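Novice: In terms of the numbering used here, the sequence shown opens at residue 740 and continues consecutively.
Backbone N, C-alpha and C fix where the C-beta goes; we use that ideal spot for every residue, glycine too.
Quantities reported herein were computed from a predicted structural model and do not represent experimental measurements.
Just dropping this structure here.
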Amino acid sequence: MRAQLTKTFLSKSFKFARRIQSLLLADGFSQLLHFSKSFKERDRERREHAVQSSFKILGRLLKKRLNESFLELRLRAHKKQYK
740 MRAQLTKTFL SKSFKFARRI QSLLLADGFS QLLHFSKSFK ERDRERREHA
790 VQSSFKILGR LLKKRLNESF LELRLRAHKK QYK
């Protein structure tokens, strides 16, 4: 009788341990999925920010060059008036 109880207790314990192990594996897998999704999202945001930053830089350079050109034309016209 005692041997039977010990045997059933051990089998139930092993089943319980296997279930916990399965749960831990499932939890680890879900964390892995979450981390990969988050990594992809951060990578996408980084790329978008880089593109936006480069467009901002190019826009500023273009605006600066246009302003310099207009200023130079204005100065030339001003010099011609007072020759």
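#1: Out of curiosity, what's the CA-to-CA distance linking residue 795 and residue 774?
#2: When the Cα atoms are used, what is the spatial distance from residue 798 to residue 772?
#3: Cutting at 8 Å between CB atoms, please list the residues of its own chain near residue 818, excluding the five before and the five after it.
Specialist: So, from the listed chains and residues:
#1: 31 Å
#2: Answer to the nearest angstrom: the Cα atoms are 39 Å apart.
#3: none
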